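Data block below; observations after.
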Amino acid sequence: MFMLQLVQIWIDTLKTAPADFRFPTTNQTRHCFTRYIEYHKCVAAKGEGAPECDKFAKHYRSLCPGEWVRSCAFSCFN
278 MFMLQLVQIW
288 IDTLKTAPAD
298 FRFPTTNQTR
308 HCFTRYIEYH
318 KCVAAKGEGA
328 PECDKFAKHY
338 RSLCPGEWVR
348 SCAFSCFN
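Written out as C-alpha coordinates, the structure reads:
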(Lines of atoms letter the chains of each structure in order from A; the text may use other names.)
(Lines give C-alpha, C1' and ligand atoms only; values in the text may rest on other atoms or scores of the structure.)
Protein backbone atom coordinates (compact mmCIF):
# COMPACT_ATOMS: atom_id res chain seq x y z
CA MET A 278 0.00 0.00 0.00
CA PHE A 279 2.84 2.39 0.86
CA MET A 280 4.49 1.72 -2.50
CA LEU A 281 1.23 2.51 -4.29
CA GLN A 282 1.04 5.86 -2.49
CA LEU A 283 4.63 6.68 -3.46
CA VAL A 284 3.93 5.86 -7.08
CA GLN A 285 0.81 8.03 -7.03
CA ILE A 286 2.75 10.96 -5.55
CA TRP A 287 5.42 10.52 -8.22
CA ILE A 288 2.81 10.45 -11.00
CA ASP A 289 1.09 13.55 -9.60
CA THR A 290 4.37 15.51 -9.58
CA LEU A 291 5.54 14.31 -12.99
CA LYS A 292 5.18 17.16 -15.44
CA THR A 293 6.56 18.08 -18.84
CA ALA A 294 6.90 21.29 -20.78
CA PRO A 295 3.64 22.99 -21.70
CA ALA A 296 2.31 22.83 -25.24
CA ASP A 297 3.99 25.28 -27.56
CA PHE A 298 2.00 26.15 -30.65
CA ARG A 299 5.17 26.97 -32.57
CA PHE A 300 5.70 23.19 -32.73
CA PRO A 301 2.42 21.56 -33.75
CA THR A 302 3.87 18.31 -35.09
CA THR A 303 4.76 15.21 -33.14
CA ASN A 304 8.47 15.58 -33.89
CA GLN A 305 9.68 17.49 -30.85
CA THR A 306 13.33 17.87 -31.85
CA ARG A 307 13.01 21.57 -32.66
CA HIS A 308 10.94 22.13 -29.51
CA CYS A 309 13.68 20.43 -27.46
CA PHE A 310 16.42 22.52 -29.06
CA THR A 311 14.46 25.79 -28.66
CA ARG A 312 13.90 25.13 -24.96
CA TYR A 313 17.60 24.34 -24.59
CA ILE A 314 18.54 27.66 -26.22
CA GLU A 315 16.00 29.56 -24.07
CA TYR A 316 17.58 28.09 -20.95
CA HIS A 317 21.09 29.14 -21.95
CA LYS A 318 19.93 32.62 -22.95
CA CYS A 319 18.37 32.97 -19.51
CA VAL A 320 21.57 31.78 -17.80
CA ALA A 321 23.63 34.23 -19.87
CA ALA A 322 21.32 37.10 -18.96
CA LYS A 323 20.65 36.32 -15.28
CA GLY A 324 23.64 34.23 -14.22
CA GLU A 325 24.22 30.61 -13.31
CA GLY A 326 21.73 29.27 -10.77
CA ALA A 327 19.09 31.97 -11.33
CA PRO A 328 15.73 30.61 -10.16
CA GLU A 329 13.99 32.20 -13.16
CA CYS A 330 15.91 29.80 -15.43
CA ASP A 331 14.83 26.64 -13.60
CA LYS A 332 11.63 26.31 -15.61
CA PHE A 333 13.58 26.40 -18.88
CA ALA A 334 15.96 23.73 -17.61
CA LYS A 335 13.04 21.57 -16.55
CA HIS A 336 11.37 22.00 -19.94
CA TYR A 337 14.36 21.09 -22.05
CA ARG A 338 15.26 18.16 -19.80
CA SER A 339 11.74 16.78 -20.10
CA LEU A 340 11.57 17.22 -23.88
CA CYS A 341 15.06 16.17 -24.95
CA PRO A 342 16.19 12.55 -24.97
CA GLY A 343 18.12 11.70 -21.82
CA GLU A 344 21.14 10.69 -23.84
CA TRP A 345 21.34 14.19 -25.34
CA VAL A 346 21.03 15.84 -21.94
CA ARG A 347 23.72 13.63 -20.36
CA SER A 348 26.14 13.80 -23.27
CA CYS A 349 27.67 16.67 -25.15
CA ALA A 350 25.13 16.43 -27.96
CA PHE A 351 24.47 20.15 -27.77
CA SER A 352 28.11 21.22 -27.46
CA CYS A 353 28.43 21.94 -31.16
CA PHE A 354 25.82 24.69 -30.77
CA ASN A 355 27.65 26.55 -27.97
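Going letter by letter, the sequence shown gives residues 278 to 355 in this note's numbering. The beta-carbon is built from N, C-alpha and C at its ideal position, and this holds for glycine as well. Small disclaimer: the values here were computed from a predicted structure and weren't measured.
Residues near residue i by beta carbon distance below 7 Å, same chain, minus five either side
| i | result |
| --- | --- |
| residue 341 | 309, 313 |
Beta-carbon spacing of residue i, residue j below 8 Å
| i | j | result |
| --- | --- | --- |
| residue 330 | residue 320 | yes |
Whole-number beta carbon distance between residue j and residue i, since they are thought to touch under 8 Å
| i | j | result |
| --- | --- | --- |
| residue 316 | residue 334 | 5 Å |
| residue 336 | residue 296 | Going by Cβ atoms, the distance from residue 336 to residue 296 rounds to 11 Å, so no, they are not a contact pair. |
Close beta carbons around residue i, own chain, < 8 Å, minus the five adjacent residues each side
| i | result |
| --- | --- |
| residue 322 | none |
| residue 338 | 346 |
| residue 301 | none |
Own chain, CB closer than 6 Å to residue i, minus 5 neighbours either side, in chain order
| i | result |
| --- | --- |
| residue 305 | 340 |
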